[in-house]
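Letter 65 of the sequence shown, counting from 1, is numbered 65 in the UniProt record's numbering, and no numbers are missing.
Glycine included, C-beta positions come from ideal geometry on N, C-alpha and C.
Computed from a predicted model, the values in this text were never measured in an experiment.
Before any comments, here is the structure.
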Amino acid sequence: MTETLEHPVTVSDRAAKRIAKILKDEPAGSMLRVSVEGGGCSGLQYKYDLVRSREDDDIAIEKDGVTVLVDSVSLEYMGGSEIDFVDDIIGQSFQIKNPNASAGCGCGVSFTI
């Protein structure tokens, strides 16, 4: 599935700008893949990869000229989430505001459902 109609995951303006900045030095057609895998201090963690191809079960979120991919399994954990980019005194990072997470760690990468 690669339609870009309605998505249960959104990308903030800040995240889209940061993704565009990262992708400008990558080969044409590169995209950011966000996935969920086991691990981290809370049981599940987000993983970010730069890829050049889509899988059959990917949902593609397009914003301001960038594409973010989420696979169908990860989508089950991320439904309703917003991918954001935060630049504060502690540092810079992508953070996912996930309404399904019942707990998370301080770094914002690991969570529990």
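Burial state of L5 (16 or more Cβ within 10 Å): Counting from one through the sequence shown, the residue named residue 5 turns up at place 5. Only weak support is given to the placement of L5: the predicted model assigns it a pLDDT of 39, under 50, and the value that follows is read from those uncertain coordinates. With fewer than 16 Cβ atoms within 10 Å of its Cβ, L5 is classed as exposed.
Closer than 6 Å by C-beta to D49: which residues in its own chain qualify, once you throw out the five before and the five after it? Chain order, please. Position 49 of the sequence shown, counted from the first residue, corresponds to residue 49. Exclusion of the five residues before and after D49 leaves R33 as the residues of its chain whose Cβ lies within less than 6 Å of its Cβ.
What number of angstroms, rounded off, separates the C-alpha of G80 from the C-alpha of P27? Taking the sequence shown and counting its residues from 1, one reaches residue 80 at position 80. Taking the sequence shown and counting its residues from 1, one reaches residue 27 at position 27. Taking the Cα positions, G80 is about 30 Å away from P27.
Determine the direct distance from the alpha carbon of T67 to that of M1, and round the result to whole angstroms. The residue labelled residue 1 in the question sits at position 1 within the sequence shown. The residue labelled residue 67 in the question sits at position 67 within the sequence shown. Confidence is the limiting factor: at M1 the pLDDT is only 39, short of 50, which leaves the residue's position unreliable, though a coordinate-based value still follows. In a straight line, the C-alpha of M1 is about 14 Å away from that of T67.
First through last residue of the alpha helix (DSSP H) which encompasses R18: The sequence position of residue 18 within the sequence shown is 18, counting from 1. First-last of the alpha helix (DSSP H) with R18: D13 to L23.
Anyone know if the C-beta pair for L23 and S30 falls short of 8 Å? Start at 1 with the first residue of the sequence shown, and residue 23 comes out as number 23. Start at 1 with the first residue of the sequence shown, and residue 30 comes out as number 30. In terms of Cβ geometry, L23 and S30 form a close pair [threshold 8 Å].
Closest Cα partner of A16 within the set G38, E82 and S53: Residue numbering aside, residue 16 sits at position 16 when the sequence shown is read from its first letter. Of the candidates G38, E82 and S53, E82 places its Cα closest to the Cα of A16.
Member of G38, E55 and F85 whose CA lies at the smallest distance from the CA of I96: Translated into positions along the sequence shown, residue 96 becomes position 96. Of the listed residues, the one whose Cα sits closest to I96 is F85.
Over the uninterrupted alpha helix (DSSP H) stretch that includes V73, give me the two end residues. The residue you call residue 73 lines up with position 73 of the sequence shown. Judged by DSSP secondary structure, V73 falls within the alpha helix (DSSP H) whose first and last residues are S72 to M78.
What residues are listed by DSSP as bridge partners for E37? By 1-based counting over the sequence shown, the position of residue 37 is 37. BP columns for E37 point to Q45.
Does the beta-carbon distance from D58 to V70 come in below 8 Å? Along the sequence shown, read from residue 1 onward, the residue named residue 58 stands at position 58. Along the sequence shown, read from residue 1 onward, the residue named residue 70 stands at position 70. Taking 8 Å as the Cβ cut-off, D58 and V70 qualify as a contacting pair.
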